[in-house]
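Just so we're on the same page, the numbering used here is the position in the sequence shown counted from 1, plus 10.
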Amino acid sequence: MGDATSIDPAALEMLQHAEGCGIDTAFSRADKMKPCPIGETGACCRICSMGPCRLVGKDAEEKTGICGADLPTIAARHFARQVAGGVAAHSDHGRDMAMTLRAVAKGEAPGYKVKDEQKLMSVAGYMGIATKGREVNDIALDVADKALEQFGQPHGEIVGTRRATPKRQALWKKLNLTPRAIDREVTEVMHRTHEGVDLDAENILKSALRCSLADGWGGAMISTDISDILFGTPSPLSSEVNLGVLKDDQVNVVVHGHEPTLSAMLVEASRDPELIEYARSKGAKGINLAGICCTSNEILMRYGIPPAGNFLHQELAVLTGSVEAMVVDVQCIMQALGPLAQRFHTKLITTSPKAKIPGATHIEFDEHRAPETAAEIMRLAIDNYANRGAVHIPNYHEPLIAGFSHEYLNYMQGGFHRGSFRPLNDAIIAGRIRGLAGVVGCNNVRVTQDEGIVEMIKNFVAKDVMVVVTGCAATAGAKAGYLSPEILDACGPGLREVMEAIGIPPVLHLGSCVDNSRILTVLTQVATEGGLGDDIDDLPAVGLCPEWMCEKAIAIGTYFAASGAHVIFGVSSPVKASSVATELMTTGWEAMVGGDLEFIPDWDEMLARSLELIDAKRAALKLKEYDPSQFGDSGDSPYFAAIREYLDEAGKAETVGSAVYPLAEGHSHDHGHSHVGEDA
Ligand code: BF8
Ligand code: SF4
Numbered sequence: 011m012g013d014a015t016s017i018d019p020a021a022l023e024m025l026q027h028a029e030g031c032g033i034d035t036a037f038s039r040a041d042k043m044k045p046c047p048i049g050e051t052g053a054c055c056r057i058c059s060m061g062p063c064r065l066v067g068k069d070a071e072e073k074t075g076i077c078g079a080d081l082p083t084i085a086a087r088h089f090a091r092q093v094a095g096g097v098a099a100h101s102d103h104g105r106d107m108a109m110t111l112r113a114v115a116k117g118e119a120p121g122y123k124v125k126d127e128q129k130l131m132s133v134a135g136y137m138g139i140a141t142k143g144r145e146v147n148d149i150a151l152d153v154a155d156k157a158l159e160q161f162g163q164p165h166g167e168i169v170g171t172r173r174a175t176p177k178r179q180a181l182w183k184k185l186n187l188t189p190r191a192i193d194r195e196v197t198e199v200m201h202r203t204h205e206g207v208d209l210d211a212e213n214i215l216k217s218a219l220r221c222s223l224a225d226g227w228g229g230a231m232i233s234t235d236i237s238d239i240l241f242g243t244p245s246p247l248s249s250e251v252n253l254g255v256l257k258d259d260q261v262n263v264v265v266h267g268h269e270p271t272l273s274a275m276l277v278e279a280s281r282d283p284e285l286i287e288y289a290r291s292k293g294a295k296g297i298n299l300a301g302i303c304c305t306s307n308e309i310l311m312r313y314g315i316p317p318a319g320n321f322l323h324q325e326l327a328v329l330t331g332s333v334e335a336m337v338v339d340v341q342c343i344m345q346a347l348g349p350l351a352q353r354f355h356t357k358l359i360t361t362s363p364k365a366k367i368p369g370a371t372h373i374e375f376d377e378h379r380a381p382e383t384a385a386e387i388m389r390l391a392i393d394n395y396a397n398r399g400a401v402h403i404p405n406y407h408e409p410l411i412a413g414f415s416h417e418y419l420n421y422m423q424g425g426f427h428r429g430s431f432r433p434l435n436d437a438i439i440a441g442r443i444r445g446l447a448g449v450v451g452c453n454n455v456r457v458t459q460d461e462g463i464v465e466m467i468k469n470f471v472a473k474d475v476m477v478v479v480t481g482c483a484a485t486a487g488a489k490a491g492y493l494s495p496e497i498l499d500a501c502g503p504g505l506r507e508v509m510e511a512i513g514i515p516p517v518l519h520l521g522s523c524v525d526n527s528r529i530l531t532v533l534t535q536v537a538t539e540g541g542l543g544d545d546i547d548d549l550p551a552v553g554l555c556p557e558w559m560c561e562k563a564i565a566i567g568t569y570f571a572a573s574g575a576h577v578i579f580g581v582s583s584p585v586k587a588s589s590v591a592t593e594l595m596t597t598g599w600e601a602m603v604g605g606d607l608e609f610i611p612d613w614d615e616m617l618a619r620s621l622e623l624i625d626a627k628r629a630a631l632k633l634k635e636y637d638p639s640q641f642g643d644s645g646d647s648p649y650f651a652a653i654r655e656y657l658d659e660a661g662k663a664e665t666v667g668s669a670v671y672p673l674a675e676g677h678s679h680d681h682g683h684s685h686v687g688e689d690a
C-alpha cells in the first residue's frame with residue numbers, strides 16, 4: 011500500500027483488512043499501475059490509425075503528429091471529447107428520467123407518481139407550458155415531452171438556458187455559445203474532433219464550452235427537475251454516513267450508481283412489512299438499505315437513506331462481507347466489483363441494459379414494472395443472507411444533515427411565497443460571509459482519498475466562506491463530520507453569526523452530481539438579487555473539484571466556467587502538455603466568458619488561489635474588505651440547540667431519515683412514512 015491512501019479511518023481499516031485477506035483494491039492497483047505520463051498530460055493522440063502519435067520531449071510544443079496536428083490541437087481535442095463524454099452521461103440519465111415521467115403521466119408506471127406538484131408547476135412555468143385548470147398528468151406529459159425535445163430538437167435553443175441571468179444569455183448568444191440541442195452538441199464535438207475536422211485549439215475548446223452548457227442547463231438540469239417532480243424536492247433531514255451504517259444482523263442491500271428510479275423503489279421495498287417479515291424468517295433482524303456514489307445521494311436527499319461511502323468505498327463495502335446485494339445501474343461502477351463479489355457471498359446485480367459486468371447477475375429494470383423488480387431483487391438479497399461468512403464492518407458512522415435545495419434555501423430566507431436570497435446577499439455585502447465555494451466531484455486514487463475535499467471545506471468555513479457540496483465530495487465532507495451541526499464550532503465568527511440567524515448549516519449538501527444544476531440556479535438568484543453585480547462572474551465565488559476522476563467532472567467544471575465561475579480542479583491537468591491550451595482555458599476563457607478552468611494539484615495553493623479569487627471579486631464589487639475581527643459569536647440559536655439535542659439522542663434512537671428542520675406550510679415533500687429498518 012502506498013502512503014497516499016485515505017484520511018478516512020474506515021477506509022484505512024478496510025485496506026488493512028484487504029491486505030490481510032490478500033485482496034486487491036483500486037488503492038493497491040494504483041500502486042502497481044502509474045498513470046501514463048504521455049496520456050495524463052494530453053500529449054497522446056489516438057484518433058486515427060496513422061498514430062497513436064505522442065508529442066514528447068523538450069521540443070514537444072514544436073512537434074506535430076503524422077497529420078500535422080500540434081499539441082494545442084491534440085490536447086484540446088482530447089479535452090473536448092472528455093466534455094462530450096460527461097455531457098452524454100449526465101444527459102442520458104436525464105433522458106431516462108424524462109421517459110419515466112412520461113410513463114407516469116400516461117399511467118404506465120405503477121409505483122411512481124408526481125410527488126411534488128409545486129415543482130412540476132414551476133418547471134412547466136420556465137418551459138412555457140400552460141398549467142392553469144389542467145390535470146396534473148397532462149402537465150406532466152407536456153413537461154416530459156418538452157424535456158425529451160431538448161435532446162433532438164432541430165431548431166431553437168435549450169430551454170433551461172432561459173434560467174440564466176439576462177446578461178449571461180445575451181453573452182452566450184453573442185458568442186454563439188447557446189446550446190441548441192443536447193444530442194446535437196455532443197455529436198458536433200465528436201464530429202469536430204474526428205480526424206481532420208476542427209484543427210484550431212481555440213475553436214475546439216469553444217465547442218467544448220457550448221457542449222458543456224447542454225449538460226448544466228440541459229441534461230443535468232432535466233435530471234434534477236424531474237427527480238424532484240417524481241420523488242420530491244429535498245428539504246433537510248438527518249442521516250448517517252460511512253461503512254459503519256452497514257448492519258451485522260440485518261440484510262444489507264447497497265445501491266450504487268446514479269439514477270433514483272430503481273433505488274427509490276428499493277427504498278419502498280426495504281420498508282415493505284411483508285419483505286421485512288420474510289427477512290426475519292431467514293434469521294435477519296430486518297432490511298438495511300445503504301448507498302454508494304450518487305444514487306446514494308439521490309435517496310439520502312429524499313428519504314434519509316445513509317451513504318456507506320463515496321466512489322473509493324465501493325470495493326470496501328463488499329470487503330466487509332456483510333453486503334447481501336450490491337445493486338448497480340450506471341456510471342462510476344468499477345469492473346473490479348465483479349471478481350471481488352465472487353470472493354464473498356455478495357450478489358452483484360446489474361440492472362441497466364446499458365451496463366453489464368462480467369460475473370454479475372443481470373435483473374433488468376423497467377419502469378413499467380418497477381415495484382416487482384425491486385421486490386425480486388430484495389428477495390434475492392434476503393435469500394442470500396444465509397450465505398454470509400465472516401463479517402468485518404468498521405465501526406465508523408458520522409451524523410449528517412443533507413437535503414438542501416434551491417427551493418428550501420428560498421424558504422429559509424423568506425418563505426415560499428416571498429422567496430428571497432436577501433439575507434445571504436446582505437451578509438456577503440457586509441463581509442460576514444466572505445464568499446461562496448462549491449466543493450464537488452469525485453475521489454481519485456492518485457491523491458489521498460477525501461484529503462483535498464476536506465481540507466478545502468475545513469479552511470473555507472474557518473475563513474467565513476460558505477460552502478455547498480455535491481456528489482462524492484459531499485460524502486467525503488460528511489464522513490469527516492463537516493455536515494453535522496457541530497461544524498458551527500469550526501466556523502469563522504461572521505459565517506457562524508449568519509448561519510445561526512438564517513438557521514442553515516455552513517456546509518450545504520445539495521445532492522448528486524447532476525444536482526450541480528442547483529448551484530447554477532442558486533448562483534443566478536444570488537447574482538440577480540441585487541448588490542452583488544448582475545451575473546455569476548461578478549460573484550465572490552469559486553467552484554472546486556479537488557479529486558476529480560471522470561469525464562462527467564470535466565463537463566461540470568467546463569459548464570461552470572462557461573457560466574462565469576472560476577473553477578479549480580486538483581489531481582492533474584489533462585491539457586498540461588500544451589501551454590497554449592492551458593492559456594486558452596484560463597486567461598482565454600476568462601476574457602471570453604468571465605469564468606475559467608485551472609488545475610492546481612497542491613491543496614495549499616488551491617486554497618490560497620480560491621481565497622485570492624474571492625477577494626478579488628469582492629474588491630471589484632467595491633465591497634468591504636473581508637475582516638474576521640469585526641464579528642463575534644452570537645451564541646447558539648434555538649435552531650441549532652434543538653438539532654444538537656436531537657443528535658445527542660442519536661445513539662439511543664433511530665435518527666436516520668427524520669426531518670430536522672421546520673417544513674413550510676403546504677410543503678409537499680415527504681421523506682417516507684417510517685424510518686429505515688423500523689418496524690412497520
Ligand atoms: O456523479 S462524484 S465519482 S459518483 S462522477 Fe462518480 Fe465522481 Fe462520485 Fe456522482 Ni459524480
Ligand atoms: Fe496522429 Fe493526427 Fe492521427 Fe492524431 S489524428 S493519431 S495526431 S496522425
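Virtual Cβ for every residue (Gly too), placed ideally from N, Cα, C.
Note that the structure is a prediction, hence the values are computed from the model and not measured.
Item	Value
Considering only heavy atoms of the ligand BF8, does any lie closer than 8 Å to the CB of His-323?	no
In or out: Arg-379 buried (at least 16 other Cβ within 10 Å) or exposed?	exposed
Distance check for Arg-190 and Glu-23, CA to CA, integer angstroms please.	49 Å
Thinking just about the alpha-carbon of each residue, which of Asp-126, Tyr-288 and Pro-381 is nearest to the one in Leu-276?	Pro-381
Sort out for me which residues DSSP pairs Val-478 with in a bridge.	Gly-448 and Leu-518
Please tell me whether Gly-267 has its Cβ less than 9 Å away from any Cβ of chain B.	In the structure shown, chain B does not exist; there is a single protein chain.
Give me the residue from Pro-246, Gly-553, Ile-239 and Arg-389 with the minimum Cα distance to Pro-270.	Ile-239
Rounding to the nearest angstrom, what Cα-Cα distance links Leu-505 and Arg-528 in this structure?	21 Å
Helix, strand or coil for Lys-3, going by three-state DSSP, please let me know.	The first residue shown for the chain is 11 and the last is 690, placing residue 3 beyond what the model contains.
How far does the alpha helix (DSSP H) with Cys-31 in it extend, from its first residue to its last?	19–31
Could you have a look at Phe-579 and say whether DSSP puts it in helix, strand or coil?	strand
For the alpha helix (DSSP H) holding Ser-589, just list the boundary residues, first then last.	589–593
Answer with buried or exposed for Met-388, where buried requires no fewer than 16 other C-beta atoms within 10 angstroms of its C-beta.	buried
Using the Cα positions of Val-477 and Ser-291, report the straight-line distance between them to the nearest angstrom.	46 Å
Examine the Cβ distances between the stretch 259–267 and the stretch 214–227 and report whether three or more of them are shorter than 8 Å.	no
Let me know the beta strand (DSSP E) ranges lying completely inside the stretch 29–94, each 3 residues or longer, listed in chain order.	none
Across the stretch 596–606 and the stretch 543–550, are there enough close Cβ pairs to call them in contact, namely three or more that are closer than 8 Å?	yes
Is it buried or exposed, Ala-274, if we count other Cβ atoms within 10 angstroms and call 16 or more buried?	buried
Where does the unbroken alpha helix (DSSP H) through Thr-305 begin, and where does it stop?	303–313
Should Thr-597 be labelled buried (16 or more other beta-carbon atoms within 10 Å of its own) or exposed?	exposed
Ends of the alpha helix (DSSP H) at His-201?	192–202
Going by DSSP, name the residue or residues bridged to His-372.	Thr-360
Leaving out five residues on either side along the sequence, give the residues of the same chain with a beta carbon under 6 Å from the beta carbon of Ala-660.	Here Ala-660 scores only 47 on pLDDT, less than 50, and its place in the model should not be relied on; the value that follows carries that caveat. Contacts found: Pro-409.
By DSSP, does Cys-221 sit in helix, in strand, or in coil?	helix
Report the rounded CA-to-CA distance for Leu-65 versus Asp-106, giving the unit in angstroms.	40 Å
Who are the Cβ neighbours of Asp-637 in its own chain at under 8 Å, not counting the five residues just before and after it?	Gly-441
Within a Cβ cutoff of 8 Å, which residues of the same chain sit near Ile-367, ignoring the five residues on either side of it in sequence?	Val-338, Ile-343, Gln-345, Leu-347, Gly-348, Leu-358 and Thr-360
Which residues does DSSP list as the beta-bridge partners of Gln-459?	Ser-16
Go through the residues and name those whose CB comes closer than 5 Å to any heavy atom of the ligand SF4, in chain order.	Cys-55, Ile-57, Cys-58, Met-60, Gly-61, Cys-63, Gly-75, Ile-76, Cys-77, Ala-79 and Glu-205
Between the C-alpha atoms of Gly-143 and Ile-149, what's the straight-line distance to the nearest angstrom?	10 Å
Under the assumption that Asn-454 contacts Val-581 (Cβ atoms under 8 Å), give the Cβ distance between them as a whole number of angstroms.	5 Å
Which of the three DSSP states, helix, strand or coil, is assigned to Ala-563?	helix
Alpha carbon to alpha carbon, what distance is there between Gly-445 and Asp-18?	28 Å
Less than 8 Å separating the Cβ of Gln-341 from some heavy atom of the ligand BF8?	yes
Taking the alpha carbon of Ala-154 as the reference point, which residue from Glu-308, Ala-108 and His-416 has its own alpha carbon closest?	Ala-108
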